[in-house]
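This report refers to the structure that appears directly beneath it.
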Amino acid sequence: MDKLQSLRGMVDLLPEQMPLWQRIEATMRAQFERAALREIRTPLLEVTELFARGIGEATDVVGKEMYTFLDRGERSCTLRPEGTASVVRAALQHSLLGQGPQRLWYTGPMFRYERPQAGRQRQFHQVGIELLGFADPRSDAEAIAIAWDLLSALGLGGLSLELNSLGDPSDRAAYRSTLVDWLQLRQEQLDADSRERISTNPLRILDSKNTGTQALLAEAPQLIDSLSDASRERFGAVRRCLDALEIPYRLNPRLVRGLDYYTHTAFEITSTQLGAQATVCGGGRYDGLIEQLGGASTAAVGWAIGLERLVLLLAQAQAAGTVALGAPAPDLYLVSRGEQAECQALVLARQWRQAGRSVELDLTGAAFAKQLKRADRSGAPWAVVIGEEEARQGVVLLKNLRRSADSPEEERLRPVELLRRLGDPSI
RNA sequence: GCGGGCGUCGCCAAGUGGUUAAGGCAGCGGCUUGUGGUGCCGCCAUCCGGGGGUUCGAAUCCCCUCGCUCGCCCCA
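Residue numbers (the numbering used here): 68 to 494.
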């Protein structure tokens with residue numbers, strides 16, 4: 068098969084699926100506007116170093132999932148695998164933080180070279196927010212609330228919020244060494260992957276899916292016990308905020324994020340209806356990242372939602388009848404036949420569109436029966452028919468397509484009259 | 001990178017070694033040179049992802065390959 072086709076993991080979004088995407092996009096814009104977030108758009112391509120430094124060399128994302136290549140100027144470039152590093156880079160490059168803290172949101176395609184599976188593509192889409200320059204525990208809660216409310220506004224149920232605190236870097240370092248000590252004594256009980264990670268990325272062992280490893284880890288020292296008093300108090304404040312907001316959460320001491328920049332609050336929103344890739348939204352605080360990328364030490368918190376996964380959930384909700392999405396249909400379907408009539412139809416279609424109506428103009432020149440059949444299938448409530456007769460008389464025939472054929476409702480009228488009545492939502 | 005499942009018309013799908021590859025939907029043409037949804041008639045895969053092999057004979061068996069899909073890993 069040598070037909071041209073898209074690259075693996077790079078999927079087309081066809082017209083049929085767009086109502087779902089557009090619903091999500093419209094909802095998120097409305098929510099963000101109400102939350103006083105401002106949109107930012109950054110390039111898809113960045114210097115590789117941004118991600119290497121921002122996300123962490125040891126992470127899987129940087130280590131084996133990036134689309135990296137040399138451009139014609141021999142610079143190492145990478146298609147962005149996530150949004151946060153780019154947003155921070157842009158904020159620093161344009162000194163946004165000099166104007167005070169920033170409440171930002173973004174959306175767009177991201178790229179990760181992985182084996183595609185349900186809810187995971189190589190080019191995928193994320194929407195995310197970044198609250199830069201906010202250290203207060205309330206900002207953690209607000210970030211989470213914005214995500215939670217967006218998902219609720221979409222009518223999605225069956226979601227749960229998992230919460231953990233990773234503490235500050237010294238908490239994490241302390242925990243890392245206690246955990247490594249503990250694991251080293253039990254190496255032979257670990258699966259091979261996890262054993263490997265003792266030296267590379269021990270915290271990641273915590274969310275291993277290996278059941279044996281999980282059983283063993285039930286006894287392991289917990290991150291939360293290594294937190295300093297200040298970190299612990301901070302986490303308590305975040306939790307009190309969530310309680311006040313009545314956002315239910317589950318503490319998950321095993322929750323660690325795969326990107327190195329996270330500190331303190333880490334969270335995920337998961338669904339049971341997504342198969343293996345259950346995480347819809349993931350995020351947390353990253354107080355060290357901005358400094359890491361060359362800025363002044365600045366606290367920040369943010370999250371990202373995977374839009375493909377959201378679309379999957381919304382499609383399920385739609386199938387279950389929980390969410391209704393109207394199929395888009397034109398207001399008018401314009402049928403015409405004969406040279407003069409066809410030309411008039413072309414002109415009238417434009418006029419009616421300028422009047423704010425959606426009009427589908429049949430351009431086939433086929434028999435009236437064919438055109439009306441298509442008119443019916445288009446879902447339009449009204450057909451406007453212009454034949455030679457109407458063209459001669461300067462009128463159009465308005466037909467109600469939502470009546471039965473036995474009691475046809477037709478009316479001849481002048482185009483100006485129809486134009487006037489187009490302001491009336493009942494036609 | 002590693003496993004499992006699958007690959008017949010735009011979509012769904014029958015067919016598992018024997019001469020012309022069912023059917024449904026969609027599409028196109030007609031019945032009805034100007035009237036729809038529901039009727040009727042006709043057209044729509046020399047070909048079964050691609051390549052090689054076995055056989056008198058293969059979509060059906062074998063090998064390779066490509067692709068899709070689910071899972072591992074990882075993440076949104």
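Each residue gets a CB set at the ideal place from its N, CA and C atoms; glycine is no exception. Being a predicted model, the structure only gives us computed values, none of them experimental.
Can you say whether G342 is buried or exposed, counting buried as having 16 or more other CB atoms within 10 angstroms of its CB? With a threshold of 16 other beta carbon atoms within 10 Å, G342 falls short and is exposed.
In terms of DSSP beta bridges, what is A450 paired with? For A450, DSSP records a beta bridge to Y400 and K466.
Rounded separation between V463 and G405 - CA only: About 14 Å.
To the nearest angstrom, report how far apart V247 and Q72 are at their CA atoms. 47 Å
4-residue-minimum alpha helix (DSSP H) runs that sit fully inside the stretch 246 to 301, ordered along the chain: For the stretch 246 to 301, whole alpha helix (DSSP H) runs of length 4 or above, ordered along the chain, are 259 to 267 and 278 to 284.
Enumerated in chain order, which unbroken segments of the alpha helix (DSSP H) with a length of 4 residues or greater are wholly contained in the stretch 290 to 377? 296 to 311 and 356 to 359
What does V426 pair with, by DSSP beta-bridge criteria? L399
Starting from P482 and walking both ways along the alpha helix (DSSP H), at which residues does that stretch end? Here the alpha helix (DSSP H) through P482 covers P482 to R488.
Would you mind giving the Cβ-Cβ distance between P204 and C308, rounded to the nearest angstrom? I have them listed as a contact below 8 Å. 6 Å
Nearest residue (CA-CA) to G121, options R189, Y329 and P110: It is Y329.
Rounded to the nearest angstrom, what separates P315 and S227 at their Cα positions? 8 Å
For the beta strand (DSSP E) containing F31, list its first residue and its last residue. Lying outside 68 to 494, the shown extent of the chain, residue 31 is not represented and no answer is given.
Please classify V323 as buried or exposed, where buried requires at least 16 neighbouring CB atoms within 10 angstroms. buried
Measure from the alpha carbon of V194 to the alpha carbon of each residue in I372, A396 and P448, then state which is nearest. Nearest option by C-alpha distance: I372.
Using only the alpha-carbon positions, how far apart do G490 and R424 sit? 9 Å
So, helix, strand or coil for R479, using DSSP? strand
L468 vs A436 beta-carbon contact at 8 Å: no
Cβ neighbours of L111 in the same chain (closer than 8 Å, five flanking residues each side left out): L146, R147, G175, P176 and F178
For the beta strand (DSSP E) holding I196, just list the boundary residues, first then last. Q190 to L199 is the extent of the beta strand (DSSP E) around I196.
With a threshold of 8 Å, are at least 3 pairs of Cβ atoms found where one atom belongs to the stretch 349 to 368 and the other to the stretch 116 to 135? The stretch 349 to 368, when compared against the stretch 116 to 135, does touch it at the 8 Å Cβ threshold.
Rounded to the nearest angstrom, what separates L428 and Q184 at their Cα positions? 40 Å
Looking at E335: is its Cβ nearer than 8 Å to the Cβ of E209? no
Check whether the stretch 298 to 308 and the stretch 249 to 266 are in contact - that is, three or more C-beta pairs closer than 8 Å. no
Mind checking whether S143 and T135 have CB atoms under 8 Å apart? yes
For R495, report the span of its alpha helix (DSSP H) as first-last. The structure shown does not extend to residue 495, since the chain is modelled only from 68 to 494, so the question has no answer here.
Secondary structure at R187, three-state DSSP: helix, strand or coil? strand
DSSP-derived helix/strand/coil call for Q495: Because the chain spans 68 through 494 in this model, residue 495 falls outside it and cannot be assessed.
When burial is assigned at 16 or more other CB atoms within 10 Å of the CB, is H192 buried or exposed? buried
Reference R75; option with closest CA among I265, R182 and R90: R182
Answer with buried or exposed for M68, where buried requires no fewer than 16 other C-beta atoms within 10 angstroms of its C-beta. Per-residue confidence for M68 stands at a pLDDT of 42, beneath the threshold of 50, marking its modelled position as unreliable; no derived number is given.
Going by DSSP in three states, P236 sits in which element: helix, strand or coil? Helix.
CB-CB length for V390 against G130, believed under 8 Å: No, V390 and G130 are not in contact; Cβ-Cβ is about 39 Å, not under 8 Å.
Quick check on this structure: which residue in A416, A311 and A447 has the alpha carbon closest to the alpha carbon of L485? A416
Considering only the alpha carbon of each residue, which of R271, D327 and G446 lies closest to L356? D327
Would Y173 pass as a contact of E100 if the rule is Cβ separation under 8 Å? no
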